[in-house]
Ligand SMILES: Nc1ncnc2c1ncn2[C@@H]1O[C@H](COP(=O)(O)OP(=O)(O)OP(=O)(O)O)[C@@H](O)[C@H]1O
Ligand SMILES: [Mg+2]
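Chains as they are written, first to last, in our numbering: chain A, 6 to 274; chain B, 13 to 267.
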């Protein structure tokens with residue numbers, strides 16, 4: 006569980022980016038943080054594993070305060086973080102070396118490291134590339150390697166910071182599948198994105214605007230709110246909301262994609 | 013990635029199985045011996061030894077061929093010595109190689125080629141990560157802390173460079189391509205061309221370095237102590253090879 010209480014953050018240059026944020030991330034949940042470029046998403050989540058310390062307020066991870074140097078080690082093991090640029094989080098020459106980096110830092114025995122590396126690589130489906138040079142991989146494969154590298158630390162909570170934004174649409178959906186699988190298997194997920202479509206699967210969506218929380222709720226609530234305020238939502242949702250407003254489909258329907266909306270309107274026999 | 017300079021070629025030979033420390037130590041001893049030999053005949057022995065070891069490594073010619081990109085450098089070293097060594101001129105012209113130059117040039121070049129070849133034999137039979145682990149273990153007893161680093165930090169730096177350097181080259185290529193496609197005039201003015209490439213590459217590499225540092229920090233990196241996926245264990249065979257190499261080196265140097 007991650008808890009932010011009254012968190013504000015001011016960059017050293019005086020840039021106030023977060024303003025009095027309260028968030029509580031429950032175990033096992035899937036939370037998407039949605040926001041435009043520069044809204045403070047990265048700044049926010051970097052508080053969740055102690056990369057940044059709040060200027061004001063408290064951040065705690067499973068009861069440990071990120072401001073306490075004694076706990077930072079345990080916090081980083083508990084909260085794994087995957088970043089946006091697949092090319093600038095590689096720390097080894099080959100896939101297995103890169104994945105081994107975390108467990109090596111935990112000073113584990115080499116047999117245990119091997120076991121964790123094999124498991125983590127299997128979890129992202131890169132078994133056949135274990136020995137490949139990172140230089141020879143695609144962006145999507147690199148990003149899977151980065152996820153495996155974090156999984157090898159066996160964290161309870163996983164944070165993804167716009168991990169798909171530099172990938173093509175195929176790799177994007179593969180990565181999203183991996184993330185959803187991990188959540189189904191019990192990992193707590195915080196998923197940062199500026200693509201609304203990627204927020205649909207979440208249990209909860211938090212919309213960040215200029216460093217404050219503009220809305221927070223289930224995807225249905227949040228997208229309804231965004232739609233009601235006249236801003237763009239994914240096209241199939243806009244259609245669904247319009248049909249609901251016109252009384253053509255039930256008001257509790259929240260279709261994940263165009264196909265499920267079509268099923269709602271005319272079920273296939 | 014075959015044909016890459018100093019690339020690793022997977023295999024199960026005796027050379028592959030040796031402890032990296034033994035291999036690094038042996039290459040160091042061989043380098044000293046090669047530098048000490050002042051006759052081409054002596055160097056022939058090292059060349060034959062190299063051929064023998066290459067056959068033993070079973071990596072075929074790919075290890076040797078990987079040094080091909082260095083060929084111009086070899087030629088350059090040879091020519092410089094041939095032309096600029098004092099001695100009897102070969103041709104009756106103002107600018108001519110000398111007999112002494114040819115001799116010295118071949119000696120220096122063959123030495124250099126042999127050093128590179130033995131280096132490539134080390135890297136073609138040892139994974140980069142294992143070499144780094146070996147170097148780390150060799151450095152560990154040194155009092156590096158006094159100069160403010162640890163053996164682990166040095167090893168991590170090396171393995172980071174293994175990805176970072178080729179990636180940076182690739183990145184520079186990308187920027188150059190995008191500048192060319194936007195009509196930049198490299199050909200006409202090489203100086204401003206280089207500058208307009210260097211600045212974005214420098215900026216990009218600083219950003220990347222920041223990002224990598226953050227990724228490492230989130231994965232619990234601290235330079236004080238870490239273990240390795242590739243555990244190093246000295247076996248009886250390693251000790252044997254080490255003693256033989258040490259013995260032979262001592263014999264040649266002091267006898
Ligand atoms: N190191 C820094 N120093 C000063 N200001 C910064 C720093 N990093 C980010 N900012 C500013 O903080 C604001 C929020 O940045 P942040 O990276 O958290 O946004 P984001 O929502 O992650 O954006 P993006 O979608 O581009 O990743 C931006 O206005 C940015 O310019
Ligand atoms: Mg960001």
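By construction, the Cβ of each residue, glycine as well, lies at the ideal position given by its N, Cα and C atoms. All values derive from a computational prediction rather than experimental measurement.
CB of residue i within 7 Å of CB of residue j, strictly
| i | j | result |
| --- | --- | --- |
| residue 28 of chain B | residue 135 of chain B | no |
| residue 135 of chain A | residue 100 of chain A | yes |
| residue 175 of chain B | residue 219 of chain A | no |
| residue 143 of chain B | residue 32 of chain B | yes |
| residue 89 of chain A | residue 158 of chain A | no |
| residue 39 of chain B | residue 111 of chain B | no |
| residue 23 of chain A | residue 48 of chain A | yes |
| residue 228 of chain B | residue 96 of chain A | yes |
| residue 243 of chain A | residue 258 of chain A | no |
| residue 132 of chain B | residue 79 of chain B | yes |
| residue 64 of chain A | residue 52 of chain A | yes |
| residue 154 of chain A | residue 104 of chain A | yes |
| residue 197 of chain A | residue 166 of chain A | yes |
| residue 25 of chain B | residue 69 of chain B | yes |
| residue 273 of chain A | residue 223 of chain B | no |
| residue 30 of chain B | residue 145 of chain B | no |
| residue 50 of chain A | residue 164 of chain A | yes |
| residue 264 of chain A | residue 245 of chain A | no |
| residue 250 of chain B | residue 63 of chain B | no |
| residue 144 of chain A | residue 59 of chain A | no |
| residue 109 of chain B | residue 102 of chain B | yes |
| residue 21 of chain A | residue 15 of chain A | yes |
| residue 41 of chain B | residue 247 of chain B | no |
Nearest-angstrom Cβ-Cβ length linking residue i and residue j, presumed shorter than 8 Å
| i | j | result |
| --- | --- | --- |
| residue 129 of chain A | residue 152 of chain A | 5 Å |
| residue 13 of chain A | residue 62 of chain A | 6 Å |
| residue 175 of chain A | residue 34 of chain A | Actually they are not in contact, since the Cβ atoms of residue 175 of chain A and residue 34 of chain A sit about 28 Å apart, beyond 8 Å. |
| residue 171 of chain B | residue 140 of chain B | 7 Å |
| residue 111 of chain A | residue 232 of chain B | 6 Å |
| residue 281 of chain A | residue 241 of chain B | Because chain A is modelled from 6 through 274, residue 281 of chain A falls outside the range shown and cannot be assessed. |
| residue 148 of chain A | residue 172 of chain A | 6 Å |
| residue 25 of chain A | residue 11 of chain A | 5 Å |
| residue 113 of chain B | residue 95 of chain B | 6 Å |
| residue 178 of chain B | residue 140 of chain A | 5 Å |
| residue 36 of chain A | residue 194 of chain A | 7 Å |
| residue 184 of chain B | residue 209 of chain B | 7 Å |
Closer than 6 Å: residue i CB and nearest ligand 4 heavy atom
| i | result |
| --- | --- |
| residue 46 of chain A | By its list of ligands, the structure shown excludes ligand 4, since it contains just ligand 1 and ligand 2. |
Inset, instruction - Taking a Cβ distance cut-off of 9 Å, strictly less, list which residues of the region 168–181 of chain A are near chain B, in chain order. - result: none
Legend entry - Residues of the region 129–159 of chain B whose Cβ lies closer than 7 Å to any Cβ of chain A, in chain order: 140, 141
Inset, instruction - Scan the region 225–238 of chain B for residues whose Cβ lies nearer than 9 Å to a Cβ of chain A and list them as they occur along the chain. - result: 226, 227, 228, 229, 230, 231, 232, 233, 234, 237, 238
Legend entry - the region 79–100 of chain A: positions lying closer than 9 Å to chain B by Cβ: 81, 82, 84, 85, 86, 87, 88, 89, 90, 92, 93, 94, 95, 96, 97, 98, 99
Inset, instruction - Residues of the region 162–192 of chain B with a CB closer than 7 Å to any CB of chain A: list them in chain order, please. - result: 171, 172, 174, 175, 178, 179
Inset, instruction - Run through the region 35–59 of chain A for me and flag every whole alpha helix (DSSP H) of 4 or more residues, listed as ranges in chain order. - result: 46–50
Inset, instruction - Count the C-beta pairs between the region 35–53 of chain B and the region 115–123 of chain B that are closer than 8 Å, then say yes if the count reaches three, no if not. - result: yes
Legend entry - Stretch pair the region 252–265 of chain B + the region 179–193 of chain A: three plus CB contacts closer than 8 Å: no
Inset, instruction - Jot down the residue ranges of each uninterrupted alpha helix (DSSP H) in the region 118–149 of chain B, minimum 4 residues, whole runs only, in chain order. - result: none
Inset, instruction - Report yes or no: do the region 244–254 of chain A and the region 70–79 of chain A share at least 3 C-beta pairs separated by less than 8 Å? - result: no
Legend entry - Interface residues of the region 121–146 of chain A facing chain B [CB-CB below 8 Å]: 122, 136, 138, 139, 140, 141
Inset, instruction - List in chain order: all unbroken alpha helix (DSSP H) runs of 4+ residues lying wholly within the region 67–110 of chain A. - result: 77–83, 100–110
Legend entry - Residues within the region 109–131 of chain B neighbouring chain A, beta-carbon criterion of under 7 Å: none
Inset, instruction - Count the CB pairs spanning the region 235–243 of chain B and the region 152–172 of chain B that are closer than 8 Å, and state whether there are at least three. - result: yes
Legend entry - Residues from the region 238–253 of chain B in contact with chain A, defined by Cβ distance under 8 Å: 238, 239, 240, 241, 242, 243
Inset, instruction - Taking a Cβ distance cut-off of 7 Å, strictly less, list which residues of the region 51–79 of chain A are near chain B, in chain order. - result: 54, 56, 78
Inset, instruction - With 7 Å as the limit, tell me which residues of the region 206–224 of chain B have their beta carbon closer than that to any beta carbon of chain A; keep them in chain order. - result: 220, 223, 224
Inset, instruction - Give, in chain order, every unbroken run of the beta strand (DSSP E) that is at least 3 residues long and sits entirely within the region 147–185 of chain A. - result: 162–166
Legend entry - Three or more C-beta pairs below 8 Å linking the region 210–224 of chain A and the region 38–48 of chain A: yes
Inset, instruction - Write down every uninterrupted run of the alpha helix (DSSP H) in the region 197–234 of chain A whose length is 4 residues or greater and which is fully enclosed by it, in chain order. - result: 224–233
Legend entry - At least 3 beta-carbon pairs within less than 8 Å: the region 182–202 of chain A vs the region 117–126 of chain A: no
Inset, instruction - Select from the region 227–245 of chain A all residues with a C-beta closer than 8 Å to any C-beta belonging to chain B, and list them in chain order. - result: none
Inset, instruction - Check distances from the C-beta atoms of the region 26–40 of chain A to those of chain B and list, in chain order, the residues that come in under 9 Å. - result: none
Inset, instruction - Could you please tell me which residues of the region 148–163 of chain A, in chain order, have their CB closer than 8 Å to any CB of chain B? - result: 151, 154, 155, 158
Legend entry - Length at least 3, wholly inside the region 199–229 of chain B: the beta strand (DSSP E) runs in chain order: none
Inset, instruction - Select from the region 197–208 of chain A all residues with a C-beta closer than 7 Å to any C-beta belonging to chain B, and list them in chain order. - result: none
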